[in-house]
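Residue numbers (full-length UniProt numbering): 1 to 272.
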């Protein structure tokens with residue numbers, strides 16, 4: 001592998017947040033209402049010091065209502081303009097996953113939206129979809145095949161969704177400065193989520209923004225614990241188990257200095 005080329009060392013700090021809540025399956029109106037409520041109740045300082053990026057949970061507008069998925073895919077796409085209106089005052093970009101209908105089926109698509117222009121600046125279709133056990137995502141969702149990153153204020157942001165976290169090769173190929181991970185990760189594997197999130201940050205010397213849902217969906221419980229993690233694996237913010245908005249400013253210089261002081265990525269041998 002070639003030596004790591006660091007991104008812009010003079011780039012500004014990145015002000016990021018995760019907004020965790022109980023996603024209501026199949027109820028876009030209820031989910032938009034909850035997002036509006038939580039943003040309205042957030043720190044008033046956000047109206048003067050906007051976020052660069054706000055992350056919502058996996059399938060944040062629709063949940064996993066497989067029976068109605070085709071219709072919900074159309075409705076979710078139409079609802080993104082309303083979402084932008086809701087979060088515009090506190091964030092310049094918002095990222096979330098939605099069901100996306102295309103000629104080959106429906107994907108679980110992570111989209112990044114500019115709240116200033118209304119333009120979608122990036123998208124990623126979840127590559128690793130669960131195909132075993134009682135939750136067979138692959139029966140309804142077409143997996144993606146393309147690794148995606150998006151630039152923002154000099155940061156290289158790696159896009160991923162939930163179950164992707166268990167596959168470290170994805171992130172090494174992305175070479176990210178910041179990893180995005182919207183999730184609906186159940187409480188039964190709660191410790192795996194927290195351990196793997198820190199591991200992905202540490203091994204890639206990258207920050208990680210995790211937004212997990214909380215509450216219940218069908219027979220599953222979700223613990224929340226959305227986190228913001230720095231490149232050394234330190235947890236900068238944790239949302240606990242209730243609906244909440246957490247935020248942090250990610251330090252560009254600290255990231256670059258750590259990679260220079262301990263250039264582990266340059267010693268990669270097996271992944272070309």
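We treat Cβ as the ideally placed atom computed from N, Cα and C, and that holds for glycine.
Coil, strand or helix - residue i by DSSP
| i | result |
| --- | --- |
| residue 109 | strand |
| residue 87 | helix |
| residue 124 | strand |
| residue 20 | strand |
| residue 243 | coil |
| residue 6 | Legend: pLDDT at residue 6 = 41, less than 50; position of this residue unreliable, no value from coordinates given. |
| residue 45 | helix |
| residue 269 | coil |
| residue 129 | coil |
| residue 200 | helix |
| residue 35 | helix |
| residue 13 | coil |
| residue 165 | helix |
| residue 27 | coil |
| residue 238 | strand |
| residue 114 | strand |
| residue 79 | helix |
| residue 209 | strand |
| residue 248 | strand |
Cβ-based burial, residue i [other Cβ within 10 Å; buried from 16]
| i | result |
| --- | --- |
| residue 214 | buried |
| residue 44 | exposed |
| residue 126 | buried |
| residue 137 | buried |
| residue 10 | Residue confidence is low: residue 10 scores 47 on pLDDT, short of 50, so the model does not pin down where it sits. No coordinate-derived value is stated. |
| residue 139 | exposed |
| residue 67 | exposed |
| residue 152 | buried |
| residue 39 | buried |
| residue 1 | Residue confidence for residue 1 is low, a pLDDT of 33 falling below 50, so the modelled location carries little weight and cannot support an answer. |
| residue 204 | buried |
| residue 131 | exposed |
| residue 159 | buried |
| residue 242 | exposed |
| residue 120 | exposed |
| residue 118 | exposed |
Whole-Å CB distance - residue i paired with residue j, under 8 Å assumed
| i | j | result |
| --- | --- | --- |
| residue 164 | residue 128 | 5 Å |
| residue 115 | residue 88 | 4 Å |
| residue 289 | residue 258 | Shown here, the chain extends from 1 to 272; a query on residue 289 therefore has no answer. |
| residue 17 | residue 54 | 5 Å |
| residue 65 | residue 25 | 5 Å |
| residue 20 | residue 239 | 5 Å |
| residue 161 | residue 178 | About 15 Å separates the two Cβ atoms, so there is no contact after all. |
| residue 184 | residue 34 | In fact, because the Cβ distance is near 15 Å, the residues do not count as touching under 8 Å. |
| residue 76 | residue 28 | 6 Å |
| residue 61 | residue 79 | 6 Å |
Host beta strand (DSSP E) of residue i (start-end)
| i | result |
| --- | --- |
| residue 214 | 214 to 217 |
| residue 227 | 227 to 229 |
| residue 149 | 149 to 152 |
| residue 93 | 93 to 102 |
| residue 55 | 53 to 55 |
| residue 156 | 155 to 159 |
| residue 178 | 178 to 183 |
| residue 220 | 220 to 223 |
| residue 139 | Careful: residue 139 lies outside any beta strand (DSSP E) and carries neither H nor E. |
Where the alpha helix (DSSP H) containing residue i begins and where it ends
| i | result |
| --- | --- |
| residue 168 | 168 to 174 |
| residue 257 | 252 to 261 |
**Message:** Across the segment 217 to 226 and the segment 257 to 272, are there enough close Cβ pairs to call them in contact, namely three or more that are closer than 8 Å?
**Reply:** Taking 8 Å as the limit for Cβ pairs, the verdict is that the segment 257 to 272 does not touch the segment 217 to 226.
**Message:** Under 8 Å, with one C-beta from each stretch per pair, do the segment 164 to 174 and the segment 200 to 213 reach the 3-pair mark?
**Reply:** Contact between the segment 164 to 174 and the segment 200 to 213 is present, because at least three Cβ pairs lie under 8 Å.
**Message:** Quick check: the segment 171 to 186 against the segment 143 to 156, are at least 3 beta-carbon pairs closer than 8 Å?
**Reply:** yes
**Asked** Three or more beta-carbon pairs under 8 Å between the segment 97 to 113 and the segment 60 to 74, yes or no?
**Response** yes
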